[in-house]
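Residue numbers (my numbering), protein chains in the order written: chain A, 13 to 310; chain B, 3 to 135. Glycine is no exception: its CB is placed at the ideal position from the N, C-alpha and C atoms. Given the structure is predicted, the values throughout are model-derived calculations rather than measurements. Working notes, beginning with the structure itself.
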Amino acid sequence: MVKPFFPISALYLASFIIVVLLLSNVICHIVFYNNLIVKLIIVKLCNIYFTNLKYVIGRHSLLVLDDVLYHMGNREFNLSLVKSLLKDRLSLRKIAKEVGDDRVKISVIMRHLTLKESLGSEQDMNIVLGLPQESPSGSIDLILDLIVTLSSLNGDAGIRRRIKLTINHPMRVYTLLRVRNNIFLMNSTTYTIEEEGNVTEFIINTINRELLKCLHRHTSLKCKCTIKFDSDNNFSMLLALVKLYDIMIKDNFQTTFLKAKEIKVTSPIILNFTCPLNEDLCKLIGETLTFHLFLKKN
Amino acid sequence: MNSALYDSVIALALSSFLLIFVLLINPVFIFESSLSKLRKVSILEKNIKSLYENGYFGKLAKLLEIGASSNEIRNCLKEIYEKIHPSGVAGLRLLINGRIMYIYGSIKQGWIIRMPIPTSKDSYVLEFIICGE
């Protein structure tokens with residue numbers, strides 16, 4: 013009888029080992045692909061949270077910007093101060109905590125914050141935030157450069173993205189600042205009263221005309237005006253010292269729910285009017301008149 | 003037939019049977035549950051992104067900001083719910099300062115995705131109640 017080359021147990025063992033190895037390989041693949049799918053689910057879930065986060069950051073930034081512009085409008089307007097206040101008041105960490113939960117952990121890092129004049133274009137972000145789609149030219153764009161990390165609580169899957177969010181505030185800040193500068197240029201200007209007739213009327217008409225020149229379309233202005241009549245040392249000239257104060261320049265284009273709509277000119281604007289003094293004008297000396305002006309360019 | 007050949011045939015037959023068995027395992031069947039979850043989350047992601055891009059959340063925030071009537075807010079929630087319901091959202095819940103003010107759909111089952119809505123007045127949170135795990 014021929015003796016078997018391999019013992020029986022060795023053949024069985026070899027075949028079982030091969031099959032077990034094959035099975036373990038298959039199981040490894042199943043586990044690997046299952047984990048991959050689970051991680052994909054987490055990534056998709058993170059994308060949902062990421063969309064929510066973009067919305068919440070956008071709305072929060074818009075409201076903070078609005079509040080800063082609103083309060084800044086009543087004092088000396090300074091864009092670098094606006095930027096610094098925004099940096100202080102944007103609480104992105106708090107937002108990350110509010111949007112995140114026991115499934116997804118969120119962290120937001122602000123790389124840059126930029127304020128820029130808008131050239132007037134359609135922005136998709138405006139619709140997202142509940143504003144008209146078109147950003148008016150001369151308005152302010154807040155650009156947030158952020159690094160957002162979203163991951164599952166055990167940190168085995170997630171997303172990390174760098175995003176630039178452009179948030180437009182519809183008040184035309186840059187336009188209003190140009191109007192303000194034009195009004196500043198009027199300061200200490202001297203005008204000659206040339207026409208005969210009512211001096212006060214002439215002064216008011218001149219002020220109105222000069223202020224209207226400074227305004228842009230869709231802006232209006234309200235202020236108080238005091239005219240103080242005096243004479244020079246030789247009693248030969250009538251001097252009318254005009255003081256414009258409480259000047260508020262309003263953007264009539266801003267009709268949304270946001271509260272920042274106007275900016276103030278803090279320091280008073282002084283204008284001088286002169287005219288040769290005659291008997292009719294003598295009675296004006298010592299008189300002070302106050303007017304409220306409201307001007308709108310058509 | 004000698005016993006070595008006989009053993010080899012049995013061993014080969016057994017191995018082939020196990021190999022065929024392994025090859026016959028349908029991976030789709032094994033991954034079906036995970037893949038269905040993935041599909042569900044993908045649809046939900048797409049629908050929430052579509053709502054975001056089309057300004058539904060912006061519209062809701064604007065209504066809350068201007069103090070719109072409850073009917074208007076409810077209609078807006080209805081629009082959001084109708085868009086998102088096919089992706090497994092059972093209901094919507096709107097909280098104002100931590101108190102439930104509006105409910106749309108069912109809120110009995112599922113897990114929650116919270117979305118705060120910043121406004122200049124109160125603290126609003128929109129919650130999506132998702133069916134399943």
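Secondary structure note for Phe241/A: its beta strand (DSSP E) is the uninterrupted segment Thr231 to Ser243. Per the C-alpha coordinates, the member of Leu250/A, Glu274/A, Gly112/A and Ser149/A positioned closest to Phe285/A is Leu250/A. With its beta carbon less than 7 Å from one in chain B, Arg71/A belongs to the interface. Nearest CB-CB separation between Glu274/A and chain B: not below the 7 Å threshold. Of all residues in the segment 27-45 of chain A, those with a C-beta nearer than 7 Å to a C-beta of chain B are Ser27, Ile30, Val31, Leu34, Leu35, Val38, Ile42 and Tyr45, reading in chain order. Rounded to the nearest angstrom, the Cβ distance from Ile115/B to Ile102/B is 16 Å, too far for a contact under 8 Å.
Taking a cut-off of 8 Å on C-beta distances, the segment 249-266 of chain A touches the segment 192-205 of chain A, as three or more cross pairs fall below it. Within a 10 Å sphere around the beta-carbon of Gln111/B sit fewer than 16 other beta-carbons, which makes this residue exposed.
The beta-carbon distance between Ile297/A and Ser232/A, rounded to whole angstroms, is 34 Å. This is too long to meet the 8 Å contact definition.
Listed by position along chain A, the residues whose Cβ is nearer than 8 Å to that of Met117/B are Asn64, Tyr67, Val68 and Val111.
Proximity to Ile60/A across Leu14/B, Met117/B, Ser18/B and Asn28/B peaks at Met117/B, based on C-alpha coordinates. By the C-beta density criterion, Arg184/A is buried, having at least 16 other C-beta atoms within 10 angstroms. Here DSSP, grouped into helix, strand and coil, assigns Pro144/A to coil. Below 8 Å, too few C-beta pairs join the segment 93-110 of chain A and the segment 79-91 of chain B to call them touching: fewer than three.
Scanning the segment 271-308 of chain A for uninterrupted beta strand (DSSP E) segments of 3 residues or longer gives 274-277, 281-288 and 300-308, listed from N- to C-terminal end.
A direct Cα-Cα distance of roughly 34 Å separates Glu110/A from Ile275/A. Interface criterion met: the Cβ of Val140/A is under 7 Å from a Cβ in chain B. The DSSP-derived three-state label of Ile42/A is helix.
A contact between stretches requires three or more CB pairs, one per stretch, nearer than 8 Å, and the segment 51-66 of chain B meets this requirement with the segment 136-153 of chain A. Not a single CB atom of chain B sits nearer than 7 Å to the CB of Leu81/A. If the five residues before and after Gly112/A are omitted, its C-beta is found closer than 6 Å to the C-beta atoms of Ile118, all from its own chain and listed in chain order. Fewer than three pairs of CB atoms, one per stretch, sit closer than 8 Å, so the segment 20-27 of chain B makes no contact with the segment 72-86 of chain B. In this structure the segment 150-160 of chain A does not lie against the segment 28-48 of chain A, because fewer than three pairs of beta carbons, one per stretch, are closer than 8 Å. Taking the Cα positions, Pro144/A is about 15 Å away from Leu75/A. Across the structure, Ile42/A and Ile27/B are spaced so that their CA atoms are roughly 11 Å apart.
The beta carbon of Glu291/A lies closer than 7 Å to none in the same chain, with the five residues before and after it left out. Excluding sequence positions up to five before and after Ser163/A, its CB lies within less than 6 Å of the CB of Lys117 and Gly170, all in the same chain and listed in chain order. For Leu75/A, a Cβ of chain B is located within less than 7 Å of the residue's own Cβ. DSSP places Ile75/B in the uninterrupted alpha helix (DSSP H) bounded by Ser72 to Ile86. Secondary structure of Ile259/A (DSSP, three-state): strand. The three-state secondary structure of Gly209/A, taken from DSSP, is coil.
Using a Cβ distance threshold of 7 Å, Ile239/A and Leu301/A count as a contacting pair.
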